[in-house]
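Undergrad: I am attaching a structure below and will ask some questions about it afterwards.
There are 2 protein chains.
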Amino acid sequence: MNEPRSLNDLVTPAAILDVERVARNLHTMAAYARENGLHLRPHIKTHKTKELASEQVRLGAVGVTCATLREAEVMADVTSDILIAYPPVGRPRLERLCALPAHVAVTVGLDSREALAALATAGTAAGRTFDVLVELDVGMRRVGLRRSSDVVALADEAANHAATRFRGVMFYPGHIRQHVAEQNEAIAQLTEDLHEHLGALAAAGHAAGVVSGGSTPAAMASHRIAGLTEIRPGTYVFNDRTTAEIGACAWEDCAYTVLATVVSTAVDGQAVVDAGSKALNREELRAKDARGFGALLDRPDIVVKSMSEEHGILDLARSDWRPRIGDRVRIVPNHVCVSVNLHPVLWAARGEDVVARYEVAARGWA
Amino acid sequence: MNEPRSLNDLVTPAAILDVERVARNLHTMAAYARENGLHLRPHIKTHKTKELASEQVRLGAVGVTCATLREAEVMADVTSDILIAYPPVGRPRLERLCALPAHVAVTVGLDSREALAALATAGTAAGRTFDVLVELDVGMRRVGLRRSSDVVALADEAANHAATRFRGVMFYPGHIRQHVAEQNEAIAQLTEDLHEHLGALAAAGHAAGVVSGGSTPAAMASHRIAGLTEIRPGTYVFNDRTTAEIGACAWEDCAYTVLATVVSTAVDGQAVVDAGSKALNREELRAKDARGFGALLDRPDIVVKSMSEEHGILDLARSDWRPRIGDRVRIVPNHVCVSVNLHPVLWAARGEDVVARYEVAARGWA
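As given, the protein sequences belong to chains H and S, one line each in that order. Just so you know, we're using the numbering used here here: the first sequence kicks off at 1 and counts up by one. Just so you know, we're using the numbering used here here: the second sequence kicks off at 367 and counts up by one.
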């Protein structure tokens, strides 16, 4: 294929990012962090590209957050400061962790003695030291410690191993998903829990130099969490239908769409596009009266009501709009991170012009 | 990384296929088709690998079925007989279709005059002819024509264009998802609809040399659809939790699992593994009392009750089993096709030994 110059040259489905909106989103979050004295350490799981991580660092990010070793390996070309916010459990993963380039300062988040002990042993064998953040559960009930005594005990151990150093705590407030206008109570509860842990750590002689939190839905409330030093939002670079729905961005801030072509109008009341669950991914919108798996950028009332792997069914029942075979649409997915992960490349566009091609280099684990 | 010899050498999550079960599944479907005088044209969307497509052809498949051009381009190395069961709408897609290697006989399924006319024009310009199957809607209400007069009209046009030839009809019985013991009525209705179309085509002078149907859930009922010449199952190569649930395979026929490691047990009543929605994918089980997004191969009562991108939460509430951090489990996903599509490679295993690495070469569209 010749290098595409225009969106019209792309085979669909194709993952498109609007460079102006991306730039605006990056600047907004960077400015928020700077103005509130918070370090910004974006989670690159959302875009998995070197180009966008570089831009995040250029705009002031102190480093990046990764979940997988593949992500960390790719990001080692971009930054020397990587938080792996995921316990590196198991020999194969620890081997790869220890094999990261020597210039990279690696911090690891974890919540168990087993993960810590294995990390310390691997680090000693490899002649490498790791900063450790103890992961707290502040309400999501996924991972993390809830009892301050457990937090202190793990901090003690991290401080005692030769190859690890206790650096602070991290949490992921994934349970805060309500509209931004309704987050006050959850933020207050989170802050109370956090301070209990920080108080216990201080009493035990552990200074938490890093207190790392943040997610895109709760990011702009971070200044209200006293003691927080760092935020790790990921989705904000693109935003998505969920982010818009909860008021964490405007619809016009949605910078990522899946470009799709209408391929069939044979069945009444619907049109079929070539973006299905292998291009958009299937994730329900967590909101009242939520319908569908994505909505058209230019017609948000038109949703993808159902999907097969390569078919998305546009619901036309509530609209007079009737697309024709060959028409193209741009779809904002419910959850952008899992849509990006389906695409080998992201096409950066300015209006209708394709201006760059970004490899989604950090996909997969192998 | 050194080449892994054992499952223990793999970084998790990893996509594993059991070579003995795959061989058994491939033989079972090949034998069914042969014994019932049906052509087998497997849909390779399930595995997207050259190696497994080659094995399907070696066992008697007449060719393969693809949805995307990327799939067809990869499969051109394996077979010279490809059905693209997807309308090639739009210039970029038609260009790639016409650029497929000359040795490949390409058949195209479509349901509109617009798609047909564009195909004919592109074929004429490229000096290439295409066989055409008219797609029927026999109950799924996704794509396809329902009125026999429309079917005949499209067959007329396919016969009249210089670059296209009417070869028959195709349908996808995706609406047949009930247990195999309860499919009789749906199969009878489908057969009645199909015969109405075939009768109308015959009356108009069109011989449908190909009558192509089949999906894994309904595959073993294909001999009861008089007039059917070909089946296109995909999932059968691996099977999954859905296939087992509806009785289209035994649990012991599930040949694909996601190998995962327990990374946290901090929250009571659950264990967290490193296979989440980016390794298993999120698709609900369409069955009564269905729970979760996957189940453990060796403990099918333990399900993945919820997921984040890199976290799967095993529900331990109904079990006394308590895994430890570092333990490994193998998870059968609800829908195998969308899980495979998340992995760059499939690891072929015999017991605990890794015997081959298959690239999932036909992922994506670019």
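Where a beta carbon is used, it is the ideal one built from N, C-alpha and C, also for glycine. In this text the structure is predicted, and so the values were computed from the model without any measurement.
Just the C-alpha distance for residue 86 of chain H and residue 730 of chain S, rounded to the nearest angstrom, thanks.
TA: Cα to Cα, residue 86 of chain H sits roughly 27 Å from residue 730 of chain S.
Undergrad: On a Cα-Cα basis, can you pick out the residue from S:457, S:401, S:584, S:471 that is closest to residue 429 of chain S?
TA: That would be S:471, whose Cα lies nearest to the Cα of residue 429 of chain S.
Undergrad: Considering just the uninterrupted stretch of the alpha helix (DSSP H) at residue 35 of chain H, what are its terminal residues?
TA: Run containing residue 35 of chain H: 19-35, per the alpha helix (DSSP H) assignment.
Undergrad: Here's a check: name, in chain order, each residue in its chain whose Cβ is nearer than 6 Å to the Cβ of residue 68 of chain H, leaving out the five neighbours to either side.
TA: Correct list, in chain order: 365.
Undergrad: Just to confirm, is the Cβ distance from residue 356 of chain H to residue 362 of chain H under 8 Å?
TA: Result no, Cβ atoms of residue 356 of chain H and residue 362 of chain H do not sit closer than 8 Å.
Undergrad: From the DSSP output, read off the bridge partner residues of residue 681 of chain S.
TA: Its beta-bridge partners are S:636.
Undergrad: Using a Cβ-Cβ cutoff of less than 7 Å, which residues in the same chain neighbour residue 459 of chain S once the five nearest sequence positions on both sides are dropped?
TA: Correct list, in chain order: 435.
Undergrad: Between residue 119 of chain H and residue 301 of chain H, what straight-line distance do the alpha-carbon atoms span, to the nearest angstrom?
TA: Each residue's Cα considered, the two are about 50 Å apart.
Undergrad: Would you list, in chain order, the members of the region 334-360 of chain H that have their beta-carbon closer than 8 Å to a beta-carbon of chain S?
TA: Cβ contacts with chain S come from 337, 338, 341, 342, 343, 344, 345.
Undergrad: Tell me the DSSP secondary structure of residue 151 of chain H in three-state form.
TA: Of the three classes helix, strand and coil, the one that applies to residue 151 of chain H here is helix, per DSSP.
Undergrad: Need the endpoints of the alpha helix (DSSP H) that residue 190 of chain H sits in, please.
TA: First-last of the alpha helix (DSSP H) with residue 190 of chain H: 184-203.
Undergrad: Counting only Cβ pairs nearer than 8 Å, list the residues of chain H close to residue 380 of chain S.
TA: Near residue 380 of chain S (Cβ distances below 8 Å), the residues of chain H are 365, 366.
Undergrad: Can you list the residues of chain S that residue 325 of chain H reaches, using a CB-CB cut of under 7 Å?
TA: Correct list: 455, 478, 480, 481.
Undergrad: Going by DSSP, what residue range makes up the alpha helix (DSSP H) through residue 487 of chain S?
TA: Segment 479-492, the alpha helix (DSSP H) holding residue 487 of chain S.
Undergrad: The ligand GTP and residue 701 of chain S: does any heavy atom of the ligand fall closer than 7 Å to the residue's C-beta?
TA: Summarising the ligand content, the structure contains no ligands, and the ligand GTP is consequently not present.
Undergrad: Which residues does DSSP pair with residue 382 of chain S in a beta bridge?
TA: S:623, S:713.
Undergrad: In chain order, what residues of the same chain have a beta carbon less than 7 Å from the beta carbon of residue 446 of chain S, not counting five sequence neighbours either side?
TA: Within the same chain, residue 446 of chain S has close Cβ partners 469, 470, 471.
Undergrad: For residue 422 of chain S and residue 408 of chain S, what's the separation of their Cα atoms in angstroms?
TA: Computed Cα separation, rounded: 8 Å.
Undergrad: Exposed or buried, which one is residue 101 of chain H when buried takes at least 16 other CB atoms within 10 Å?
TA: Residue 101 of chain H should be labelled exposed.
Undergrad: Going by beta carbon distance, what residues of the same chain come within less than 8 Å of residue 244 of chain H, once the five residues before and after it are set aside?
TA: The answer, listed in chain order, is 250, 251, 253, 254, 332.
Undergrad: As a quick exercise: from S:499, S:537, S:529, S:632, pick the residue whose alpha carbon is nearest that of residue 483 of chain S.
TA: Among S:499, S:537, S:529, S:632, the Cα nearest to that of residue 483 of chain S is on S:529.
Undergrad: Determine the contact status of residue 646 of chain S and residue 628 of chain S, defining contact as a CB-CB distance below 8 Å.
TA: For residue 646 of chain S and residue 628 of chain S, no; Cβs fall outside 8 Å.
Undergrad: Closer than 6 Å by C-beta to residue 379 of chain S: which residues in its own chain qualify, once you throw out the five before and the five after it? Chain order, please.
TA: So the qualifying residues of the chain are 624, 626, 640, 641, 645.
Undergrad: Below 8 Å on C-beta distance, what does residue 511 of chain S contact in chain H?
TA: Chain H residues near residue 511 of chain S: 266.
Undergrad: Just checking: is the beta-carbon of residue 452 of chain S within a distance shorter than 8 Å of some beta-carbon in chain H?
TA: Taking Cβ atoms only, chain H reaches closer than 8 Å to residue 452 of chain S, which makes this a yes.
Undergrad: Return the CA-CA distance between residue 457 of chain S and residue 705 of chain S, expressed in angstroms with no decimal places.
TA: So the alpha carbons of these two residues sit roughly 30 Å apart.
Undergrad: Rounded to whole angstroms, what's the CA-CA distance from residue 226 of chain H to residue 209 of chain H? Just pull it up for me.
TA: So the two alpha carbons sit approximately 14 Å from each other.
Undergrad: Considering only residues of the same chain and omitting the five flanking positions on each side of residue 16 of chain H, which have a CB-CB separation below 6 Å?
TA: 257, 259, 347, 349.
Undergrad: Locate the alpha helix (DSSP H) running through residue 463 of chain S, then write down its first and last residues.
TA: 457-464 is the span of the alpha helix (DSSP H), which, as asked, contains residue 463 of chain S.
Undergrad: Would you mind reading off the limits of the beta strand (DSSP E) that contains residue 670 of chain S?
TA: Where residue 670 of chain S is concerned, the enclosing beta strand (DSSP E) stretches over 670-673.
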